[in-house]
Amino acid sequence: MNISGWIFACLSWGAIIGLLIFCIKRLLKNNKKQDE
Amino acid sequence: MRQHWGSRIGMILAVAGSALGLGNFLRFPVQAAKYGGGAFMIPYFIALLLLGIPLMWVEWTLGRYGGGFGHSTAPGIFHNIGNKRRFIRYFGVIGIFGPLVIFIYYTYIESWLLAYSFFALSGKYMAATTEGAMKSFLSGFQGLEQNQFFHNIGTAYFFFIITFCLNVLVIYYGIKGGIERLCKFAMPLLLVFALIILIRVITLGTPNPEMAEWSIKNGFGFLWNPDFSALLNAKTWLAAAGQIFFTLSVGIGAILTYASYLKKRDDVVLSGLTAVGTNEFAEIILGGSIIIPMAFAVFGPYEIKNIAESGAFNLGFVTMPLIFEKIPAGAVFGFLWFALLFLAGVTSSVSLAQPAVAFMEDEFDISRPKAAMIFGIAAFFMCQPAIFGLGYGVVDELDFWGGTFSLVLFGTIEVILFAWVFGMDRAWEEIHQGAELRVPKIYKFIIKYVTPVFLLVILVSWFMQDGLPTILMKNIPQENRTVVLVLRLMLAAIFIGISLGVWAAWRKRGRRAGKEILS
């Protein structure tokens, strides 16, 4: 795997993991608010 | 009393389950490897932002809006957003016809996955050690030939009956007791299975020490090393847009139905985005890391090109069993692989069945158990051509009308109705009812102009490239044409039947309204 391959893989993985973490964090935060 | 989801997480998992299917684990890696590797991700992410995410929001919003009027399917939803104009509800027929047609063949393919997970554990396919033998194993199983592995279609039919009954049973128990319960169990299990296989793939290193180049690392390179010249090819952009469209299960009508069971003030923005994120996690991170790197490490750089070209089906049912024969504890990993695909399949197929069942419930006041039984009996007979006509191209034909043509057409219609007939200002307000996240304002422009144009481009170019030749039977061998023609007549009868159902439902509604006024 060359350097550009690593860059594309890491960026793609990072974007998706970032999106998922953002969504889950917001869901948990909003659920907590509703519980209160 | 109208059904509702029991929990928000259940709803998100159900929508993600509907989207997550064979496409994530088989189609995506093949498409990426074929169209520029890492460079494929540029048009892929652009399509995700301009097509996938907006369409997901559109479907969630339309579904919730329709649910407020007691409609779970496209005819009723379109009737309400189209200011009750008579003809608009008939566009919604595609939103019941499409998923029903996909269900007819998808359930059968799903049953192969269940069968193969048993074959992996029992070691039945281990007797086929070459590509030719494995293809023969598959053909024997499908009843296309008699060979040393299978004498008839009996085994395949047995697994089909189990899979079919499981689907009907889930539908019978309804949204909360059936679909939500299934997805809450199947989705985490599926992700665990995929993670176990992923760890196995990463730790595989160089399975054949004599071939130092045949490594997992180079396998990842085969998938991810970018070929920027592919970006100059229009086919790459179309393939990326098509992949986004098909992977998210938008344009089918299933998400519309699922979202109709939301309450008026339930959020759709964050929930829809989470469903997209879950699907993309399964596709890019899990799907992209299993099949291609594994096939590269086991078969090497020359064979992998042929494997990638041979298509997703061959990869799933021929290449993967051969790979599992060659790695330590292959029986267990083979079982996990096929079980994970089966779980992905079953969470999708129940969502395909739901629009037809919901249509009977909502528009004809048929009880859920009764509607599930009627659907079960009708769909069972409809599935038979897919089983016994496999060798005549029946599944390809069903996939063309249900899984491709209806999808792109319905997606285009619903986004145009949403942005232009319902009106973008009303639509924007509706999206944000109970929203836990503001949609960036640029999406008002994207949903109104960019997404419909993007979809029209896909529709027209697909129609010219594949659609027209298939409709004119140019790609269909002469000996299969009679069977395909009979099948088309059957599909036309189903389409007309649903249209008559819509006509009868609104006639009944009109009469009831008339009686109420008189009394």
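Residue numbers (the working numbering), protein chains in the order written: chain A, 1464 to 1499; chain B, 32 to 550. All C-beta atoms in this analysis are idealised placements derived from N, C-alpha and C, irrespective of residue type, glycine included.
Check: The stretch 318–332 of chain B / the stretch 128–139 of chain B touching (three or more Cβ pairs under 8 Å); Outcome: no
Check: Residue 139/B burial status per 10 Å Cβ neighbour count (16 or more: buried); Outcome: buried
Check: Cβ of residue 1491/A within 8 Å of any chain B Cβ; Outcome: no
Check: Neighbour-count burial assignment, residue 196/B, 16 or more Cβ in a 10 Å radius; Outcome: exposed
Check: Integer-rounded CB distance, given that residue 284/B should sit under 8 Å from residue 126/B; Outcome: 3 Å
Check: Below-8 Å beta-carbon distance, residue 1468/A vs any chain B residue; Outcome: yes
Check: Contact check, residue 230/B vs residue 247/B, beta carbons under 8 Å; Outcome: no
Check: Reference residue 81/B, options 525/B, 273/B, 319/B and 529/B, closest by Cα; Outcome: 273/B
Check: Listed by chain order, chain A residues near residue 475/B by CB distance under 9 Å; Outcome: Those within 9 Å of residue 475/B in chain A number zero; the least Cβ separation is about 21 Å.
Check: Chain A residues whose Cβ lies nearer than 7 Å to that of residue 242/B; Outcome: Correct list: empty, because the minimum Cβ distance to chain A is about 17 Å.
Check: Candidates 369/B, 421/B and 481/B: closest to residue 515/B by CA position; Outcome: 421/B
Check: CB contact flag (residue 412/B, residue 384/B, <8 Å); Outcome: no
Check: Residue 72/B classed as buried or exposed, judged by whether at least 16 other C-beta atoms fall within 10 angstroms; Outcome: buried
Check: Any chain A beta carbon closer than 8 Å to residue 304/B; Outcome: yes
Check: Cut-off 6 Å between Cβ atoms - residues of its own chain near residue 479/B, not counting five sequence neighbours on either side; Outcome: 450 and 455
Check: Cutoff 8 Å: residue 255/B Cβ touching any chain A Cβ; Outcome: yes
Check: Pick from 268/B, 204/B and 228/B that is closest to residue 76/B, judged by C-alpha positions; Outcome: 268/B
Check: Alpha helix (DSSP H) runs contained entirely in the stretch 338–407 of chain B, provided each spans 4 or more residues; Outcome: 351–357 and 361–395
Check: Which listed residue (434/B, 403/B and 298/B) has its alpha carbon closest to that of residue 204/B; Outcome: 403/B
Check: Closest residue to residue 1491/A among 467/B, 395/B, 536/B and 506/B (Cα-Cα distance); Outcome: 467/B
Check: Minimum Cβ-Cβ distance from residue 69/B to chain A less than 8 Å; Outcome: yes
Check: Identity of the residue in 53/B, 194/B, 60/B and 36/B nearest residue 340/B by Cα; Outcome: 60/B
Check: Cβ of residue 248/B within 8 Å of any chain A Cβ; Outcome: yes
Check: Beta carbon of residue 315/B nearer than 8 Å to that of residue 1466/A; Outcome: no
Check: Residue-level contact to chain A via CB, residue 340/B, 8 Å cutoff; Outcome: no
Check: Within-8 Å CB hit, residue 315/B to chain A; Outcome: yes
Check: C-alpha gap between residue 119/B and residue 103/B, whole angstroms; Outcome: 16 Å
Check: With 16 other Cβ atoms within 10 Å as the buried cut-off, status of residue 182/B; Outcome: exposed
Check: Short CB-CB distance (under 8 Å) between residue 251/B and chain A; Outcome: yes
Check: Beta carbon proximity, residue 312/B to chain A, threshold 8 Å; Outcome: yes
Check: Under 8 Å by beta carbon: chain A residues contacting residue 236/B; Outcome: Neighbours of residue 236/B on chain A: none; closest Cβ ~14 Å, over 8 Å.
Check: Residue 1473/A burial status per 10 Å Cβ neighbour count (16 or more: buried); Outcome: exposed
Check: Identity of the residue in 336/B, 389/B, 87/B and 219/B nearest residue 278/B by Cα; Outcome: 87/B
Check: Residue span of the alpha helix (DSSP H) that contains residue 484/B, given as start and end; Outcome: 482–493
Check: Element boundaries [alpha helix (DSSP H), containing residue 227/B]; Outcome: 212–233
Check: Close-in-space but distant-in-sequence residues of the same chain around residue 256/B (CB under 8 Å, 5 per side omitted); Outcome: 68 and 69
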